[in-house]
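In the numbering used here, the protein residues as written are 1065 to 1367.
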């Protein structure tokens, strides 16, 4: 119930975006997406990764486990490729990223059910998983383009999401906070990211029916909300692992997709409305599945 209540403001902003979407030209929304892509969302990623010091020991252990979960989602998508008939190559790649990307804000809501230490663990997980998740997403979408190999490599290396995440991790490893003025500047930009992205998401939804999901979308959502957490939960239970770290990893694996997935997809030529629809479907279905996985995480944590 806490998860549902916490998301009501987000759904309200999405609804506002859907209501005003037709009153603003599509070209303007695309420019708003560019602003999110190059400025607001990178600021949010940098802030999330740099807010807390990251110990080198935690970086290795927690980082490897988080990256293994993201990689599992990336690999599981290969099993669903035959269901993507009717999709353009770029849109198929844009939709597929929803199998391994995750809603960071919802993650912090979910781990609030665990002891306070879980928030710090999740911060490390998110700070290390975001660069890899974005790397896989850009890799999937640039692979569908006809550009040269050098052009694709430069697109990956210079991706704003990736650069912001790596910069934030670097600051976290140094262990020294940004100067107050610099921190305030970044946080102001970061604060704008989620509302603007959600408005754009709502505006993009007006061109597609939200329900029911098609076969490929259902497979991608199933990987993210069921297959990944089932895999992590099985390893934890069979290995008899207990504590905050395995519990937090389980919640992380069960998170719905990132609300900004359609912004990145549109940048690489995917149908932003179709990707936004899958984002909304994943979030809606995640409201049903995440509380169940959180209940299992509470048992694993010994709460």
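Even for Gly, the Cβ is constructed at its ideal location relative to N, Cα and C.
Do three or more CB pairs link the segment 1095-1108 to the segment 1278-1291 at distances below 8 Å? no
Where residue 1151 falls: helix, strand or coil (DSSP): Indexing the chain shown from 1 puts residue 1151 at position 87. Three-state DSSP puts residue 1151 in coil, outside helix and strand.
Roughly how many whole angstroms lie between the Cα atoms of residue 1320 and residue 1346? Position 256 of the chain shown, counting from 1, holds the residue named residue 1320. Position 282 of the chain shown, counting from 1, holds the residue named residue 1346. Approximately 6 Å, taken between the alpha carbons.
Extent of the continuous alpha helix (DSSP H) to which residue 1292 belongs: Within the chain shown, the letter at position 228 stands for residue 1292. Segment 1292-1302, the alpha helix (DSSP H) holding residue 1292.
Integer-rounded CB distance, given that residue 1100 should sit under 8 Å from residue 1337: To locate residue 1337, count along the chain shown from 1; it is residue 273. To locate residue 1100, count along the chain shown from 1; it is residue 36. Incorrect: roughly 16 Å between the Cβ atoms, too far for contact.
Using only alpha-carbon positions, find the residue among 1253, 1158 and 1116 that is nearest to residue 1240. By one-based count along the chain shown, residue 1240 stands at place 176. Minimum Cα distance to residue 1240 is reached at 1116.
Per-residue DSSP class, three states only, for residue 1164: Position 100 of the chain shown, counted from the start, is the residue given in the question as residue 1164. Residue state, collapsed to three classes: coil.
Terminal residues of the continuous alpha helix (DSSP H) containing residue 1224? Walking along the chain shown from the start, residue 1224 turns up at place 160. Unbroken alpha helix (DSSP H) run through residue 1224: 1224-1238.
Determine whether the beta carbon atoms of residue 1311 and residue 1359 lie at a separation below 8 Å. Against the chain shown, residue 1311 aligns to sequence position 247. Against the chain shown, residue 1359 aligns to sequence position 295. Contact flag unset, no.
Please work out which residues of its chain come closer than 8 Å, Cβ to Cβ, to residue 1262, disregarding the five sequence neighbours upstream and downstream, and give them in chain order. Here residue 1262 refers to the residue found at position 198 of the chain shown. So the list reads 1074, 1077, 1078, 1081 and 1323, once near-sequence residues are dropped.
Once you ignore the five residues that flank residue 1231 on each side, which residues in its own chain have a CB closer than 6 Å to its CB? Within the chain shown, the letter at position 167 stands for residue 1231. Around residue 1231: 1110.
Taking Cβ to Cβ, would you say residue 1201 is nearer than 8 Å to residue 1328? For the purposes of this step, residue 1201 is taken as residue 137 along the chain shown, with counting starting at 1. For the purposes of this step, residue 1328 is taken as residue 264 along the chain shown, with counting starting at 1. In this structure, residue 1328 lies closer than 8 Å to residue 1201 by Cβ.
For the putative contact between residue 1326 and residue 1300, defined by C-beta atoms under 8 Å, what is the C-beta separation to the nearest angstrom? Position 262 of the chain shown, counting from 1, holds the residue named residue 1326. Position 236 of the chain shown, counting from 1, holds the residue named residue 1300. Contact flag wrong, Cβ pair sits at about 32 Å.
Does residue 1243 pass the burial test, meaning 16 or more other C-beta atoms within 10 Å, or should it be called exposed? By 1-based counting over the chain shown, the position of residue 1243 is 179. Flag for residue 1243 reads exposed.
Which residues in the same chain as residue 1142 place their Cβ atom closer than 6 Å to its Cβ, once the five residues preceding and following it in sequence are excluded? Counted from its first residue, the chain shown places residue 1142 at position 78. Same-chain partners within the cutoff: there are none.
Quick one: is residue 1234 buried, meaning 16 or more other Cβ sit within 10 Å of its Cβ, or exposed? On the chain shown, residue 1234 is found 170 positions in, with the first residue counted as 1. That one is exposed.
Would you decide whether residue 1221 is buried or exposed? Buried here means 16 or more other CB atoms lie within 10 Å of its CB. Residue 1221 sits at position 157 when you count from the first residue of the chain shown. Classification of residue 1221: exposed, given that the 10 Å Cβ count is below 16.
What is the DSSP secondary structure of residue 1088, counted as helix, strand or coil? Within the chain shown, numbered from 1, the residue matching residue 1088 stands at position 24. Residue 1088 falls in the coil class under three-state DSSP.
From 1252, 1123 and 1206, pick the residue whose C-alpha is nearest to that of residue 1191; which is it? Here residue 1191 refers to the residue found at position 127 of the chain shown. Closest option to residue 1191, Cα to Cα, is 1123.
N-terminal and C-terminal residue of the alpha helix (DSSP H) that residue 1057 is part of: The first residue shown for the chain is 1065 and the last is 1367, placing residue 1057 beyond what the model contains.
Ordered along the chain, which non-local residues of its own chain (more than five positions away) have a Cβ less than 8 Å from that of residue 1259? As a first step, residue 1259 is located in the chain shown; it is residue number 195 there, counting from the start. Closer than 8 Å at Cβ, skipping near neighbours: 1077.
Of the choices 1330, 1196, 1151 and 1315, whose alpha-carbon is the least far from that of residue 1132? For the purposes of this step, residue 1132 is identified with residue 68 of the chain shown, where counting begins at 1. Per the Cα distances, 1196.
Classification of residue 1161 by the beta-carbon crowding that lies within 10 angstroms, buried from 16 upward: Residue numbering aside, residue 1161 sits at position 97 when the chain shown is read from its first letter. So residue 1161 counts as buried.
Hey, how far is the Cα of residue 1225 from the Cα of residue 1134? As a position in the chain shown, residue 1225 is number 161, starting the count at 1. As a position in the chain shown, residue 1134 is number 70, starting the count at 1. Their Cα atoms are separated by approximately 16 Å.
Can you tell me whether residue 1194 sits near the ligand MG, meaning its C-beta is under 7 Å from at least one heavy atom of the ligand? Of the ligands one can find in the structure shown there are none, so the ligand MG has no counterpart to examine.
Using a 10 Å radius around the Cβ and a threshold of 16 neighbouring Cβ atoms, would you call residue 1367 buried or exposed? Along the chain shown, one-based indexing puts residue 1367 at 303. Looking at its Cβ environment, which holds fewer than 16 other Cβ atoms inside 10 Å, residue 1367 is exposed.
Supposed close pair residue 1236, residue 1114 - CB separation, criterion 8 Å: Along the chain shown, read from residue 1 onward, the residue named residue 1236 stands at position 172. Along the chain shown, read from residue 1 onward, the residue named residue 1114 stands at position 50. Going by Cβ atoms, the distance from residue 1236 to residue 1114 rounds to 5 Å, so yes, they are a contact pair.
Does DSSP classify residue 1323 as helix, strand or coil? Your numbering for residue 1323 matches position 259 in the chain shown. In this structure, residue 1323 counts as coil in the three-state DSSP scheme.
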